[in-house]
Amino acid sequence: MNCGQALEQARLILTDSGIDEPFLEGEILLRHTLDVDRATLFASLNEELTPVQVALFLQLVERRRLGEPSAYITGSREFFGLDFKVDRRVLIPRPETELVVEKAIDLYRRNKYDTMADIGTGSGCIAISLARHLAGVHVYALDISSDALEIAAQNSLLHHVQDKITFIHGDLLEPLPGPVDIMIANLPYVKKTEMNLKSEPELALDGGVEGLDKINNLCRQAPGKIIPGGRLLLEIGQGQAEAVKAIIHNTFPDGVIDIYKDLSGIDRVVSVRLTG
25 MNCGQALEQA
35 RLILTDSGID
45 EPFLEGEILL
55 RHTLDVDRAT
65 LFASLNEELT
75 PVQVALFLQL
85 VERRRLGEPS
95 AYITGSREFF
105 GLDFKVDRRV
115 LIPRPETELV
125 VEKAIDLYRR
135 NKYDTMADIG
145 TGSGCIAISL
155 ARHLAGVHVY
165 ALDISSDALE
175 IAAQNSLLHH
185 VQDKITFIHG
195 DLLEPLPGPV
205 DIMIANLPYV
215 KKTEMNLKSE
225 PELALDGGVE
235 GLDKINNLCR
245 QAPGKIIPGG
255 RLLLEIGQGQ
265 AEAVKAIIHN
275 TFPDGVIDIY
285 KDLSGIDRVV
295 SVRLTG
């Protein structure tokens, strides 16, 4: 079996199992099996695999067929142009979350903010992406899960930004030492009835009955944790924009709110500018 045949076999298996983007999933697993980049793989489609490589690859395909995410199988996921270590202790970074990083970077460049806080940091993908792209910023990365903070700290070492990030264990804003210029939060916003817990941790997904419990609690704690004139950036789920705007108005009645859509046209990021 050569590389091209292996990809086609994976595509057929994963298609029959209802896996989205089966060819891409097979490519990710074959690249992991061979430890090569995308260009090298597609330049080697006619090269024969060893029996050991075939066996390993088909084992990985079977794990994916049974529903295990490819990021957990390979132990990594790309986010904002960087590779992040992930496992079952953390949520897998999503492409749509890159929007909140883009907005934070834009705010920094226009306002020269010094401090940021990433609430519910998980794998650290937001905090580390900001630390890598912004020379003069220090990021506080908070999470209630000590397991998640362990993964995030490892990722900060991988990307050489450990000196620019302070990792803090605790629930939402309680352990934050002082007010920051920008607060970013990608909190659990999945409705309890819509959760699929076969793979990812419940703690990183469960937003309560309406998916808004954590966002509501954060907004209640936010006064005094963001400087006057600072910003709050929230990632939200589909259909939650109006409810989140109402929550924010209760806490910051004079806050200036903007809503940004992701590439699918879904309201994804709520930005709040605090007056004063």
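Quick note on this note's numbering: the sequence shown kicks off at 25 and runs consecutively. Glycine residues also receive a C-beta, built at the ideal position from the N, C-alpha and C atoms. The model shown is predicted, which means the values in this text are computed figures rather than measured ones.
*In this structure, what does DSSP give as the bridge partners for residue 140?*
Numbered from its first residue, the sequence shown carries residue 140 at position 116. BP columns for residue 140 point to 163, 206.
_Within the continuous beta strand (DSSP E) that includes residue 252, where are the two ends?_
To locate residue 252, count along the sequence shown from 1; it is residue 228. For residue 252, the uninterrupted beta strand (DSSP E) segment begins and ends at 250 to 259.
*Does the pairing of the region 100 to 113 with the region 231 to 246 give three or more beta-carbon distances under 8 Å?*
No, because fewer than three Cβ pairs between the region 100 to 113 and the region 231 to 246 fall closer than 8 Å, the two stretches do not touch.
*Which ranges would you report for the beta strand (DSSP E) in the region 84 to 131 if only whole runs of at least 3 residues count?*
With a minimum length of 3 residues, the continuous beta strand (DSSP E) runs that stay inside the region 84 to 131 are 100 to 103, 106 to 109.
*What number of angstroms, rounded off, separates the C-alpha of residue 67 from the C-alpha of residue 53?*
Walking along the sequence shown from the start, residue 67 turns up at place 43. Walking along the sequence shown from the start, residue 53 turns up at place 29. When rounded, the distance between both Cα atoms is 16 Å.
*Any chance the region 119 to 127 sits against the region 253 to 266, with 3 or more Cβ pairs inside 8 Å?*
In this structure the region 119 to 127 touches the region 253 to 266; the number of beta carbon pairs closer than 8 Å is three or more.
*What is the rounded straight-line gap between the Cα of residue 154 and the Cα of residue 247?*
Indexing the sequence shown from 1 puts residue 154 at position 130. Indexing the sequence shown from 1 puts residue 247 at position 223. Roughly 23 Å between the two C-alpha positions.
*By a C-beta neighbour count over all protein chains shown, 10 Å radius and 16 as the cutoff for buried, is residue 74 buried or exposed?*
To locate residue 74, count along the sequence shown from 1; it is residue 50. Exposed, by the Cβ-count rule.
*8 Å CB neighbourhood of residue 275 in its chain, flanking five on each side removed*: Counting from 1 along the sequence shown, the entry for residue 275 is found at position 251. Shown here for residue 275: same chain residues with a beta carbon closer than 8 Å to its own, the five before and five after excluded, namely 243, 244, 246, 247 in chain order.
_Ordered list of beta strand (DSSP E) runs contained in the region 259 to 289, each at least 3 residues_ = Within the region 259 to 289, the runs of beta strand (DSSP E) at least 3 residues long that lie entirely inside it are, in chain order, 280 to 285.
*Based on the DSSP output, what are the partners of residue 291 in its beta bridges?*
As a first step, residue 291 must be located in the sequence shown, where it is residue number 267. Beta-bridge pairing links residue 291 to 285.
_C-alpha gap between residue 34 and residue 198, whole angstroms_ = Here residue 34 refers to the residue found at position 10 when the sequence shown is read from its first residue. Here residue 198 refers to the residue found at position 174 when the sequence shown is read from its first residue. Approximately 47 Å, taken between the alpha carbons.
*asked:* Short of 6 Å in beta carbon distance, which residues of its chain neighbour residue 72, apart from the five on each side in sequence? Order them along the chain.
replied: Within the sequence shown, numbered from 1, the residue matching residue 72 stands at position 48. If we look at residue 72 and ignore the five residues flanking it on each side, its Cβ neighbours are 26.
*Through-space distance from residue 80 to residue 265, alpha-carbon basis*: Reading the sequence shown from its first residue, position 241 is the one you call residue 265. Reading the sequence shown from its first residue, position 56 is the one you call residue 80. Distance between the alpha carbons of residue 265 and residue 80 is about 45 Å.
*From the DSSP output, in three-state form, read off residue 14 for me.*
Any question about residue 14 goes unanswered here, given that the chain covers just 25 to 300.
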